[in-house]
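K.L.:
Residue 61 in full-length UniProt numbering is what sits at position 61 of the sequence shown, and the numbering runs on without skipping anything.
We put the beta carbon where it would ideally sit given N, CA and C, even for glycine.
Predicted model only: the values in this text are computed from it and were never measured.
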Amino acid sequence: MNEELLQDFFKKSPLAFSYQKAVLDGQGTPTDYLFLKVNDAFEDLTGLHSDDVVGNNHNTVFSAAEDFTPQWTLAYSQALQDSKPVILDQFHQQLGIWTTTTLFLIDAPFFACIYAPRQESLVAQEILDGLEGLESMMAPDFFRKRLEEEMERSDRFHDPLALAVLALDGLEGMQASWGTAVVREVLVQLAETTASLIRKYDILTLHGREQLELLMPKTSLPGAMAVAERVRSALDRIEHPVVGKVTATLVVSERTPGESLEDWMALLEEALESSLANGGNQVVQVAGVLPSALDAGLLEWRPFHASGNREIDGQHQELMRLARELLPLSDGADPQTLAVRIDSIVERLVEHFQTEEQALSDAGYPDLEKHAKIHKNLVGKAFQLKESYRNGAVGASAFASFLAKELILEHILKEDLLYFPAIQRKG
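So, in structure tokens, the structure goes:
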């Protein structure tokens, strides 16, 4: 095959190709690489034009934030050592695509890559390839990183984000009756069923050895509940040859803007435990931290919340009332009305902190400086959220989340308790 035919093959191949040169340091260790040529299929897969790729390094073409250097360096070194292709999976954050990349040497330091699109929902057979593989294949750190990235993206672009936890019903009895091998088969069945019903950008992963987690970007609670019900219903129609009918329980939650990963997961785990205890084979909607707090009366004033200073206690009661009133309205009322209400709450908050710090100074509270710094941080965040709401950068629910969770639940009902003895001693 002559040079012209090879060039024509490279350009017209339906497979995405790139031709690169490794950049080596003084010790011959690869530190970077340059794109020398890409074909039409590469452009189609990535959406990048060859003019934007050829002559540039990885970070210029994709994103410095992806930090792919350790992964490709290891792959290049392995290909050089073993004299055979190396396959690796990449998520190109800037492009929003997964690829399975096959790297092979041409004539070191020159190498080539073949790229194939890879669905982001991880296929069941790949996940559940033996009990040892269950934990290692899923790379919990990888999933957590992706989850945190999606949370950040959700907050930035105001996109909904939903998460479901799936668990087999009667797992302990299944394990005792039929053993690990059968349990693995049933987990495969659950994963296959789930994978067949989700979108390519949903992320399915194993949680521990017994549960699956399904992350659904840009999905509100009704959409996530519909997916979960399809999975439950589909599984309900399948019979395992040994176990017979297998059912699963799914708990589903849409993240509240600003809600921490720890709080979100804690809600799901608690709901799952309760649902399994109540019979299973169901899809359960899990309220976010803010509706849960409201429904449980956690934002209601109680006698044991009294500090001993009537002015402080009155202001605490007022802030709790304002939080209860704002939560049901957030993102549902007239924006101008909400903006005025938020401005008023921030003013009350500043006044309260000034009153509280003066009272703590009069009482000789030894940790006043530390407490005042906490106030300063809270005020700063309140002003930031207020302006962000007015600019359209966040919804009112973000401010409501801050008010209920960070100010009321975590500060007033926890940190403020520390100064009560000093206030009460002063009388």
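Just the C-alpha distance for residue 18 and residue 78, rounded to the nearest angstrom, thanks.
P.N.:
Straight-line measurement puts the Cα of residue 78 at about 19 Å from the Cα of residue 18.
K.L.:
Suppose only complete runs of 3+ residues qualify. What are the beta strand (DSSP E) ranges in the UniProt domain "GGDEF" (159–288), listed by chain order?
P.N.:
Correct list: 161–168, 203–207, 211–217, 248–254, 283–285.
K.L.:
Give a yes or no on whether the C-beta atoms belonging to residue 283 and residue 321 are separated by under 8 Å.
P.N.:
no
K.L.:
If you count every other CB in all the chains shown that lies within 10 Å of the CB of residue 391, and 16 or more means buried, which is it?
P.N.:
exposed
K.L.:
Let's see if you can read the secondary structure: which residues bound the alpha helix (DSSP H) around residue 54?
P.N.:
Unbroken run through residue 54: none, as it is neither H nor E.
K.L.:
Let me know the secondary structure DSSP gives residue 10 once reduced to three states.
P.N.:
helix
K.L.:
For residue 87, write down the residues that DSSP places opposite it in a beta bridge.
P.N.:
102
K.L.:
Which stretch, first to last residue, makes up the alpha helix (DSSP H) that contains residue 401?
P.N.:
396–401
K.L.:
Might you give, ordered along the chain, the residues of its own chain that have their beta carbon closer than 7 Å to the beta carbon of residue 3, omitting 5 neighbours on each side?
P.N.:
none
K.L.:
Per DSSP, which one or two residues make a beta bridge with residue 114?
P.N.:
17, 102
K.L.:
Taking C-beta to C-beta, are residue 363 and residue 426 nearer than 8 Å?
P.N.:
yes
K.L.:
Pull up the distance between the alpha-carbon of residue 51 and that of residue 42, whole angstroms please.
P.N.:
12 Å
K.L.:
Measuring only the C-alpha atoms, how far is residue 243 from residue 400?
P.N.:
48 Å
K.L.:
Between residue 260 and residue 286, which are expected to be in contact by the criterion C-beta below 8 Å, what is the C-beta distance as a whole number of angstroms?
P.N.:
Rounded to the nearest angstrom, the Cβ distance from residue 260 to residue 286 is 15 Å, too far for a contact under 8 Å.
K.L.:
Tell me the DSSP secondary structure of residue 62 in three-state form.
P.N.:
coil
K.L.:
Does the Cβ of residue 159 have 16 or more other Cβ atoms within 10 Å, making it buried, or fewer, making it exposed?
P.N.:
exposed
K.L.:
By a C-beta neighbour count over all protein chains shown, 10 Å radius and 16 as the cutoff for buried, is residue 310 buried or exposed?
P.N.:
exposed
K.L.:
Could you work out which residue in 75, 74, 62, 34 is closest to residue 56 when comparing CA atoms only?
P.N.:
Measuring from the Cα of residue 56, the nearest candidate turns out to be 34.
K.L.:
Under a three-way DSSP split, which group does residue 365 fall into?
P.N.:
coil
K.L.:
If you follow the alpha helix (DSSP H) that residue 45 is part of, which residue opens it and which one closes it?
P.N.:
40–46
K.L.:
Under three-state DSSP, which class holds residue 29?
P.N.:
Note: residue 29 maps to coil in three-state DSSP.
K.L.:
Run through DSSP, which three-state label would residue 108 get?
P.N.:
The answer is coil: DSSP assigns residue 108 none of H, G, I, E or B.
K.L.:
The alpha helix (DSSP H) that contains residue 423, what's its start and end?
P.N.:
420–426
K.L.:
Which residue or residues does DSSP assign as beta-bridge partners of residue 35?
P.N.:
20
K.L.:
By the 10 Å Cβ neighbour count, where 16 or more other Cβ atoms means buried, how is residue 359 classified, buried or exposed?
P.N.:
It is buried - the Cβ of residue 359 has at least 16 other Cβ atoms within 10 Å.
K.L.:
Exposed or buried, what is residue 39 when buried is set at 16 or more other beta-carbons lying within 10 Å of its beta-carbon?
P.N.:
buried
K.L.:
Here's a check: name, in chain order, each residue in its chain whose Cβ is nearer than 8 Å to the Cβ of residue 64, leaving out the five neighbours to either side.
P.N.:
Unreliable positioning characterises residue 64 in this predicted model, as indicated by a pLDDT of 48, which lies under 50. The coordinate reading is nonetheless provided below. Cβ neighbours of residue 64 beyond the five flanking positions: none.
K.L.:
Going along the chain, which residues of its own chain have a beta-carbon closer than 8 Å to the beta-carbon of residue 108, five neighbours each way excluded?
P.N.:
So the list reads 22, 80, once near-sequence residues are dropped.
K.L.:
Leaving out the 5 sequence neighbours to the left and right, which residues in its chain are closer than 8 Å to residue 419 when beta-carbon positions are compared?
P.N.:
307, 360, 363, 365, 367, 371
K.L.:
Is the separation between the beta-carbon of residue 396 and that of residue 342 shorter than 8 Å?
P.N.:
Note that the C-beta distance between residue 396 and residue 342 is below 8 Å.
K.L.:
In the DSSP assignment, find the unbroken alpha helix (DSSP H) run with residue 313 in it and report its ends.
P.N.:
The continuous alpha helix (DSSP H) containing residue 313 extends over residues 310–329.
K.L.:
May I have the straight-line CA-CA distance separating residue 203 from residue 196, to the nearest angstrom?
P.N.:
12 Å
K.L.:
Is it the case that the Cβ atoms of residue 168 and residue 188 are separated by a distance below 8 Å?
P.N.:
no
K.L.:
Note down the Cα distance separating residue 245 from residue 178, rounded to an integer number of angstroms.
P.N.:
14 Å
K.L.:
Does the distance from the C-beta atom of residue 165 to that of residue 229 stay below 8 Å?
P.N.:
no
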